[in-house]
Every structure is written in C-alpha cells, then in structure tokens.
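First to last, the sequence lines map onto chains F and U.
According to UniProt numbering, the first sequence is numbered sequentially starting from 1.
According to UniProt numbering, the second sequence is numbered sequentially starting from 1.
Report on the following structure.
There are 2 protein chains.
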Amino acid sequence: MPKVGMEPVRRKALLDAALRVIGDHGSLAVTMSDIARQAGVSPALAHHYFGSKEQLLIETIRSLLRQLRRDTVAALKAARTPRERLSAVIRVSFHADQFAPDTIAAWLAFYAEAQRSEETRRFLVIYAGRLRSNLLVDLKALLPTDAAERAAEGAAAMIDGLYIRQSLKSAPIGIAASIALTEDYLNALLSTPAP
Amino acid sequence: MPKVGMEPVRRKALLDAALRVIGDHGSLAVTMSDIARQAGVSPALAHHYFGSKEQLLIETIRSLLRQLRRDTVAALKAARTPRERLSAVIRVSFHADQFAPDTIAAWLAFYAEAQRSEETRRFLVIYAGRLRSNLLVDLKALLPTDAAERAAEGAAAMIDGLYIRQSLKSAPIGIAASIALTEDYLNALLSTPAP
DNA sequence: TTTTGTTGATTGATCAGTCAATCAAAAATA
DNA sequence: TATTTTTGATTGACTGATCAATCAACAAAA
C-alpha cells in the first residue's frame with residue numbers, strides 16, 4: 001500500500017474525521033478508534049501522526065478556526081461600506097457550514113473543553129476577540145466609541161447565543177431568522193441615538 | 001454511624017457535590033469517586049442512592065433548574081409593571097449564584113451533554129422555553145405580538161450568549177455590564193417603533 | 001431480629017498509548 | 001535493466017490505567 005507523501009493526506013483525513021465524529025457524537029469523549037475508523041485507518045496511525053489524542057483535538061479546533069477566518073476574510077473583501085461589512089460578519093457567522101448541526105455540536109464541545117484545557121481556551125478567546133473586533137472596527141465608524149463597544153459586545157453575545165440555542169434543536173430558529181434578529185439589533189442601536 | 005433518615009441528607013449532599021465537582025472540573029467526565037469523595041461518602045453509596053451515574057447527573061441538572069425557577073418566581077413576585085418584570089427576569093439570569101464560574105461551567109457541560117442525552121436535552125429545552133415565555137408574556141404588553149416574539153428570542157439569545165462568553169474568563173464582562181447590555185437591547189426595541 | 005446505612009473488594013469493559021513486525025515504493029547499486 | 005537496500009506507511013497485538021457497577025458483609029438503630 002504505502003506510497004510516499006501520504007502524511008498530509010492522512011492528517012487532513014484524520015482532522016476531518018475528528019470533526020465529523022465529534023459533531024456526530026456531540027462531545028470530545030470520542031475514542032481514537034472512532035476517529036481512525038471514520039478516516040479509514042488504524043488507531044495506531046492516528047497516534048503516529050498526532051502523538052496524542054489531545055494534540056489531535058487541538059489541531060481540530062485550530063482547523064475549525066482557520067476555516068472561519070478564511071470565510072470571514074472573503075466576505076469582508078466583498079463589502080464596501082461599514083454597514084455592509086457588519087452584515088458580512090453576521091452572515092458569515094450564520095453561514096450554512098458554520099450552522100450545520102455537527103459543527104455547532106463541535107463548537108459546543110470545545111467550549112466545554114475550554115474549561116479544562118488552557119490551550120483550547122486560548123483558541124476560543126482568539127475567536128471571541130476576532131468576532132468582537134471585526135464588529136467593533138465598523139461600528140466605530142457609525143457610533144461613538146463607547147456605544148460602539150457596547151454594541152460590539154451585545155452583537156457578539158447575541159450571535160453566540162443564537163448559536164448555542166440552535167444546538168438544542170427544538171424551536172429551530174433558522175439561519176435567516178438568526179441573521180434578521182442580529183440585524184434588527186444593530187439597526188435599533190444605530191437608529192436610536194440619531195432620529 | 002448509621003442513623004435512620006439519612007437518605008434525603010445523602011441525596012442532597014451528593015447532588016451538591018456533583019454540581020461542585022462538575023463545575024470545578026468543567027465537564028461531566030467526572031468520576032463517581034470524585035463526587036462521592038466530595039460528598040464524604042463511598043462511591044458505592046452514590047450508586048446505592050442513584051442507581052447509575054447518568055441518573056445522578058440528570059438529577060443534578062434537575063436541581064439546577066429547580067433552583068433557577070425558585071429564584072425567578074421570587075423575583076417576579078416583587079415586580080409590578082411589565083417593564084419591571086422584564087428587568088426581574090434579566091436580573092435573575094445574571095444573579096450571582098447563576099453567574100458563578102462553577103455554575104456556568106456546569107451549565108455548559110450540560111449543554112454539551114444534551115447532544116447525546118435525550119433527557120438532558122429535554123431539561124434544557126424546558127429552560128429555554130421558560131426564559132422565552134417569561135420574556136414574551138410581558139413583552140406582549142409593550143409591543144405588537146410579532147415584534148414581541150422577535151424581542152423575546154433576541155433577548156433570550158443575548159442572555160445565553162453573555163453567559164457562554166463569561167465561561168471563557170477572558171474579558172470578563174461582569175454582572176452589571178451584562179444586565180446593562182440586555183436592558184439596552186430591550187430599551188432600543190421598545191423605543192424604536194414609537195419615537 | 002429485622003431494617004437501614006455503609007463500605008471494601010472485585011469485576012468487566014473501555015481506552016490511550018506503545019511496539020515490533022510487515023509491506024511496498026523509491027533509491028542506490030551492480 | 002535487474003538487484004538489493006533503504007525508508008516511509010501501516011497495523012495487530014499488547015499493556016497499564018481508569019472507572020462504572022456489583023456484591024457480600026458489617027454496623028447501628030429500631
């Protein structure tokens with residue numbers, strides 16, 4: 001079987017498999033065997049390439065974050081005005097890929113894990129900071145600084161909250177409605193001070 | 001040692017211990033031994049009274065929910081106008097007990113668990129429904145029905161979002177600021193349609 | 001003596017992680 | 001070109017640790 005140059009292929013397959021299995025299972029309490037089986041290799045190979053389960057998990061969240069950033073950068077590039085850019089940030093947050101049940105479950109699992117793993121928390125703090133900062137930079141063009149800061153906190157919280165509520169699967173709010181709610185929030189804040 | 005009537009004492013001690021250990025550890029992946037040790041009894045006793053780890057965990061979240069409802073009912077009783085009642089609901093959500101790091105970590109762990117455990121999800125759906133409904137009933141007195149419904153969804157999401165962001169412990173938003181953000185949101189929605 | 005409370009010891013299952021061995025492609029050599 | 005050697009890829013089998021769950025036994029109250 002062995003062909004040279006399999007390493008990147010296997011790494012990617014294992015990362016994808018990990019995300020899939022975690023999302024499916026809704027928890028980080030998945031076995032290396034589960035992940036390896038999903039990737040179509042032996043458990044030993046997963047250890048061979050990642051050293052430990054913890055490392056594989058950390059690489060998994062890192063890849064999740066990387067994907068989110070890619071999407072965000074792309075969406076921002078297409079937007080012109082500050083208001084458009086705000087909408088772009090919101091849209092990316094609720095993009096179908098991000099809003100898929102498996103992905104939501106995986107994020108949730110990582111939030112829980114962050115209570116224990118310093119490194120996992122670091123990554124989530126980075127995510128939270130980016131979201132806040134992406135919103136803040138454009139809000140500052142539309143509101144006084146302190147109002148902009150509060151608006152950024154509020155919008156970020158609402159996005160995360162809509163996200164987490166989605167994970168319960170009852171009363172599915174839906175992508176469009178989630179976007180609309182967040183937009184309404186910003187519209188209300190943007191129109192209130194200056195009628 | 002054995003005195004009659006220990007059962008309720010032990011049950012409560014074990015439930016408190018479970019909450020404590022889960023919050024401390026930031027995950028449901030705690031052992032019966034950990035919980036039993038925290039409660040000052042043997043692991044075997046925990047099984048004796050709860051039958052299984054899963055059952056103990058379910059009783060734990062049930063007690064968390066019971067406490068929240070008690071607080072909410074008490075807070076609502078003291079409020080007079082719809083607007084006051086809305087503030088009461090918000091205040092309870094961010095009450096010090098609920099906002100304690102251990103409690104937040106425990107809620108988070110249960111959210112993750114809900115992906116797997118049908119019964120855990122049921123409880124969280126009940127929580128989400130109550131929060132939404134508590135907000136909705138008073139919002140309907142202040143807004144048209146459809147606007148009230150959207151406001152209730154949005155406020156509930158923001159509350160949950162502020163909650164989950166708190167779990168990251170970086171950029172601690174704080175109780176007062178969290179309440180203020182949520183109040184601002186409602187104020188903006190309540191003032192926008194009628195300037 | 002019966003009942004209630006309690007535990008230590010044990011079991012069976014599950015898993016992360018290790019390791020020696022195997023296999024096939026690629027590179028070196030003849 | 002034909003061969004041998006080297007190297008990367010891969011796995012099955014195993015180990016050590018952990019843990020939920022069980023159970024037989026014991027202690028104290030009723």
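Think of the CB as a built atom: it goes at the ideal place given N, C-alpha and C, for glycine as much as any other residue.
Should residue i be flagged as near chain F, meaning a C-beta pair shorter than 7 Å?
i, result
"V125/U", "yes"
"A105/U", "yes"
"R20/U", "no"
"S170/U", "yes"
Just tell me which of the options has its CA closest to the CA of residue i.
i, options, result
"A180/U", "L136/U, A79/U, A36/U and L86/U", "L86/U"
"S93/U", "L189/U, M158/U and G5/U", "M158/U"
"residue 203/U", "V21/U, A112/U, Y127/U and H95/U", "Because chain U is modelled from 1 through 195, residue 203/U falls outside the range shown and cannot be assessed."
"Y49/U", "A109/U, R83/U and M6/U", "M6/U"
"A39/F", "S52/F, A17/F, H47/F and K53/F", "A17/F"
"A156/F", "G161/U, A105/U and A156/U", "G161/U"
"E54/U", "E149/U, L139/U, T31/U and G26/U", "T31/U"
"L189/U", "A152/U, R70/U and S42/U", "A152/U"
"L14/U", "S52/U, G26/U and V4/U", "S52/U"
"R122/U", "D138/U, I22/U, E59/U and P101/U", "E59/U"
"R91/F", "I175/F, N187/F, Y185/F and S191/F", "I175/F"
"E113/F", "L168/U, N187/U, L143/U and T182/U", "L168/U"
"G26/U", "Q67/F, P43/F, E118/F and L135/F", "E118/F"
"L68/U", "L135/U, T182/U, L186/U and R130/U", "R130/U"
"R11/U", "V21/U, S33/U and H47/U", "H47/U"
"I173/F", "P172/U, V73/U, R150/U and K77/U", "R150/U"
For residue i, which residues in chain U fall below 7 Å Cβ to Cβ?
i, result
"Y111/F", "L108, I164 and S167"
"Y185/F", "G154 and Y185"
Would you say residue i reaches chain U, if we count a Cβ-Cβ gap shorter than 7 Å as a contact?
i, result
"E84/F", "no"
"G154/F", "yes"
"residue 242/F", "There is no way to answer for residue 242/F, as the model of chain F reaches only from 1 to 195."
"S52/F", "no"
"D160/F", "yes"
"A176/F", "no"
"M1/F", "Note that M1/F scores 42 on pLDDT, short of 50, meaning its location in the model is unreliable and no value can be drawn from it."
"A17/F", "no"
So residue i and residue j are supposed to be a Cβ contact under 8 Å. How far apart are they, rounded?
i, j, result
"Q115/F", "L57/U", "The pair is not a contact, with the Cβ atoms about 16 Å apart (cut-off 8 Å)."
"S170/U", "V125/F", "4 Å"
"A75/F", "A96/F", "So it is not a contact: roughly 13 Å between Cβ atoms."
"T120/U", "F110/U", "6 Å"
"S19/U", "L64/U", "For the record, residue 19/U in the displayed sequence is Leu; it is not Ser. Indeed, because the Cβ distance is near 7 Å, the residues count as touching under 8 Å."
"G23/U", "A148/U", "That pair is no contact at about 35 Å."
"L142/F", "R83/F", "7 Å"
"L28/F", "A36/F", "Not a contact, Cβ separation roughly 16 Å."
For residue i, return the contacting residues in chain U, with the cut-off set at a CB-CB distance below 9 Å.
i, result
"I173/F", "E153 and A157"
"R62/F", "Per Cβ cutoff of 9 Å: no residues; R62/F is ~17 Å from chain U at best."
Going along chain F, which residues have a C-beta under 8 Å from residue i?
i, result
"Q115/U", "H25, G26, S27, A105, L108, A109 and S167"
Starting from the beta carbon of residue i, find every residue of chain U whose beta carbon is closer than 8 Å, and list them in chain order.
i, result
"A128/F", "R165, L168, S170 and A171"
"L181/F", "R150, E153, G154 and A157"
Give me the chain F residues within the contact set of residue i, using Cβ-Cβ distance strictly less than 7 Å, ordered along the chain.
i, result
"R121/U", "L168"
- Whole alpha helix (DSSP H) runs in the stretch 84-159 of chain F with 4 or more residues, listed along the chain? The stretch 84-159 of chain F contains these whole alpha helix (DSSP H) runs: 96-99, 101-113 and 118-139.
- Task: Within the stretch 46-79 of chain U, note down every full alpha helix (DSSP H) run reaching 4 residues or more, in order along the chain.
- Result: Listed in chain order, the alpha helix (DSSP H) elements of length 4 or more contained wholly in the stretch 46-79 of chain U are 53-78.
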